[in-house]
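Asker: Mind the numbering: the sequence shown is residues 691 to 876 in this note's numbering, read in order.
For every residue, glycine included, the Cβ atom is placed at its ideal position computed from N, Cα and C.
Here you go, one structure.
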Amino acid sequence: MAKLIYSAITSLDGYVEDENGNFDWAAPDEEVHAFVNDLERPVGTYLYGRRMYEVMRVWETPQTFADDSPVMQDFAQIWQAADKIVYSTTLDTVSSTRTRIEREFDPEAVRQLKAGAGRDLGVGGPDLAAQAIRAGLVDELHLFLTPIVVGSGKPALPDDVRVNLELLDERRFAGGVVYLRYRTRT
Numbered sequence: 691m692a693k694l695i696y697s698a699i700t701s702l703d704g705y706v707e708d709e710n711g712n713f714d715w716a717a718p719d720e721e722v723h724a725f726v727n728d729l730e731r732p733v734g735t736y737l738y739g740r741r742m743y744e745v746m747r748v749w750e751t752p753q754t755f756a757d758d759s760p761v762m763q764d765f766a767q768i769w770q771a772a773d774k775i776v777y778s779t780t781l782d783t784v785s786s787t788r789t790r791i792e793r794e795f796d797p798e799a800v801r802q803l804k805a806g807a808g809r810d811l812g813v814g815g816p817d818l819a820a821q822a823i824r825a826g827l828v829d830e831l832h833l834f835l836t837p838i839v840v841g842s843g844k845p846a847l848p849d850d851v852r853v854n855l856e857l858l859d860e861r862r863f864a865g866g867v868v869y870l871r872y873r874t875r876t
């Protein structure tokens with residue numbers, strides 16, 4: 691069975707964006723981005739909410755990254771090769787290949803998707819991830835703690851659920867980012 695993995699770049703105090711909706715402080719440097727690429731390579735399907743999809747769809751346009759680093763070009767190829775499911779009640783069309791819209795998050799449908807998938811699944815965006823965490827669907831959390839405290843904003847994790855975790859891996863990067871990989875325990 692494939693794993694459902696929630697990955698997030700967060701402030702040290704646990705936010706994916708500050709109170710103004712900014713997340714420019716979360717842009718990974720080359721070292722972190724290369725590490726993320728290797729983590730994302732096994733993902734065959736991404737599950738996104740509308741807002742996260744709108745942020746990520748920039749990776750659909752290869753010419754955007756033609757003059758950028760090989761690490762960014764590599765991520766664009768990884769993202770383009772994966773299937774994407776966007777959960778949205780307001781989005782009418784998608785502007786990326788291998789992408790479909792679902793109107794509501796159905797935990798049973800995701801369970802079936804995990805059971806039949808040959809590759810892992812990634813869930814992106816804290817709101818959709820919270821639904822998956824509450825439904826007991828998330829198998830691993832990959833958190834990148836950025837050396838900044840933003841004080842408030844959109845939390846990376848839901849505050850109304852309890853999940854026991856087992857630390858599987860950790861890594862410290864030169865720029866001060868710390869990676870933590872956890873497995874959920876039932």
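For residue 817, which residues from the same chain have a beta carbon less than 7 Å from its beta carbon, with the 5 sequence-adjacent residues on both sides left out?
Answerer: Contacts found: 739.
Asker: Under three-state DSSP, which class holds residue 810?
Answerer: Residue 810: strand per DSSP, three-state reduction.
Asker: Cβ of residue 769 versus every heavy atom of the ligand COA: is any distance shorter than 7 Å?
Answerer: Absence of the ligand COA is noted for the structure shown, with no ligands found whatsoever.
Asker: I'd like the span of the beta strand (DSSP E) that includes residue 834, first residue to last.
Answerer: Where residue 834 is concerned, the enclosing beta strand (DSSP E) stretches over 830 to 836.
Asker: Pick helix, strand or coil for residue 856, following the three-state DSSP scheme.
Answerer: Three-state result, residue 856: strand.
Asker: Closest to residue 748 by C-alpha separation, out of 793, 735 and 763, would be which residue?
Answerer: Among 793, 735 and 763, the Cα nearest to that of residue 748 belongs to 763.
Asker: Since residue 707 is in the beta strand (DSSP E), which residue starts that stretch and which ends it?
Answerer: First-last of the beta strand (DSSP E) with residue 707: 705 to 708.
Asker: For residue 740, which three-state DSSP category applies?
Answerer: Residue 740: helix per DSSP, three-state reduction.
Asker: Do residue 722 and residue 865 count as a contact pair if the criterion is CB distance below 8 Å?
Answerer: Contact: yes.
Asker: Can you give the beta carbon distance from residue 676 to residue 861, rounded, assuming they're within the 8 Å contact cut?
Answerer: Outside the displayed span of the chain (691 to 876) sits residue 676, for which this structure offers no information.
Asker: Taking buried to mean at least 16 other C-beta atoms within 10 Å of its own C-beta, is residue 821 buried or exposed?
Answerer: When all chains shown are included, residue 821 counts as buried.
Asker: For residue 720 and residue 759, I'd like the C-alpha separation in whole angstroms.
Answerer: So the two alpha carbons sit approximately 8 Å from each other.
Asker: Please list the terminal residues of the continuous beta strand (DSSP E) segment that includes residue 868.
Answerer: Where residue 868 is concerned, the enclosing beta strand (DSSP E) stretches over 868 to 875.
Asker: Using 10 angstroms around the beta-carbon of residue 810, count the other beta-carbons present and answer buried if the total reaches 16, otherwise exposed.
Answerer: Buried, because 16 or more other Cβ atoms sit within 10 Å of the Cβ of residue 810.
Asker: Starting from the C-beta of residue 867, find all residues in its chain whose C-beta is less than 6 Å away, skip the five residues before and the five after it, and write them out in chain order.
Answerer: Taken in chain order, the residues that qualify are 722, 834 and 836.
Asker: What three-state label does DSSP hand residue 726 in the structure shown?
Answerer: Note: residue 726 maps to helix in three-state DSSP.
Asker: Nearest-angstrom Cα distance between residue 794 and residue 774?
Answerer: Answer to the nearest angstrom: the Cα atoms are 15 Å apart.
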